[in-house]
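Working notes, structure below.
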Amino acid sequence: MGSFLARVAEEPLEQVSGIITDKLKYVRWERSLRLIDRAQELLDRRAGRITPRRVPLNVAIPVFEAASLEEDDGLQDVWANLLVNAVDADSGVEIKRALVSILQDFGPMEVRLLQAIHDAPDPKVPTKGLPDAYVEPGDERVDPGLPPEPVQVGLWQLVRLGCITEAGTWDSLAGIRRVRITALGKTMVEACSATPRRIAVRQAESS
319 MGSFLARVAE EPLEQVSGII TDKLKYVRWE RSLRLIDRAQ ELLDRRAGRI
369 TPRRVPLNVA IPVFEAASLE EDDGLQDVWA NLLVNAVDAD SGVEIKRALV
419 SILQDFGPME VRLLQAIHDA PDPKVPTKGL PDAYVEPGDE RVDPGLPPEP
469 VQVGLWQLVR LGCITEAGTW DSLAGIRRVR ITALGKTMVE ACSATPRRIA
519 VRQAESS
């Protein structure tokens, strides 16, 4: 790879490698600063009322590594939420290494889909319209239709990760028509929330 880049850039291999390394270091440093700023904002929202707890290294290190490499601001915000909830014992959320591994496999689409399914008014959620709208459940004998392919791919990813399961009619070849969030999916949403339930209750009581 290095020799290929050197030929393309018409520069010595060492110089090309150095440029790439410096660029990657800068990008990671820049994203790390954004992560820290975002986490501080979340802590400030909690009015400084947190109960700090030690985060195991097998959780803290993967979170920092993944978040510092994440280029999507929305997804990095999700990592910041996870980090703050891990640090704050009052969040009521216990961050396991498995949750970190699952989030590492999420893209922006998976985040949006899981949140939409979690917030849906009916436990059996028709996938057509997701992640931006809900289709009325209606008669399960009636085919609600399918969402676009990018949404289907995101849904299959969530099924693979155990965050959702099929609910009702489905076809492994045609696609998933209805889904239901799992206990693991609910735990993921809570762990990645800027305001977990316990924090929301505390804020409501103090307002």
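Per this note's numbering, the sequence shown starts with residue 319, numbered consecutively. Built from N, CA and C at the ideal position, the CB exists for glycine as well.
Check your understanding: Ordered along the chain, which non-local residues of its own chain (more than five positions away) have a Cβ less than 7 Å from that of S409?
Key -> N403, P514, R516 and I517
Review point. With which residues is V443 paired in a DSSP beta bridge?
Key: V497
Check your understanding: How about the stretch 406 to 422 and the stretch 438 to 447: do they share at least three Cβ pairs that are nearer than 8 Å?
Key -> no
**Study point:** Length-filtered (4 minimum) alpha helix (DSSP H) runs lying within the stretch 376 to 405
**Key:** 391 to 405
Point to revise | Range covered by the alpha helix (DSSP H) that runs through E428 | key: P426 to D437
Practice item. Confirm, please, whether the CB-CB distance from W397 to A416 is below 8 Å. Key: no
Point to revise | Residue environment, N376, which counts as buried when at least 16 other CB atoms sit within 10 Å | key: exposed
Review point. Below 8 Å, can you find three or more Cβ-Cβ pairs linking the stretch 495 to 513 to the stretch 347 to 356?
Key: no
Point to revise | Element boundaries [beta strand (DSSP E), containing I482] | key: I482 to E484
Check your understanding: CA-CA distance, M506 and M427?
Key -> 15 Å
Practice item. Have a look at A451 and V405 and give me their C-alpha separation to the nearest angstrom. Key: 34 Å
Check your understanding: Which first and last residues belong to the alpha helix (DSSP H) in which I517 is found?
Key -> R515 to S524
Check your understanding: Of all the options I420, W347 and R363, which has the alpha carbon lying nearest to the alpha carbon of A522?
Key -> R363
Review point. Alpha carbon to alpha carbon, what distance is there between L361 and I368?
Key: 8 Å
Review point. Between R325 and E389, what straight-line distance do the alpha-carbon atoms span, to the nearest angstrom?
Key: With a pLDDT of only 40 at R325, under 50, the local geometry of the prediction cannot be trusted, and no value is derived from it.
Review point. Is it buried or exposed for S386, if we count other Cβ within 10 angstroms and need 16 for buried?
Key: buried
**Study point:** Boundaries (first-last residue) of the alpha helix (DSSP H) holding A416
**Key:** R415 to Q422
**Study point:** Nonlocal neighbours in the same chain, by C-beta distance under 7 Å from V418, ignoring five residues either side
**Key:** V377, P380 and V381
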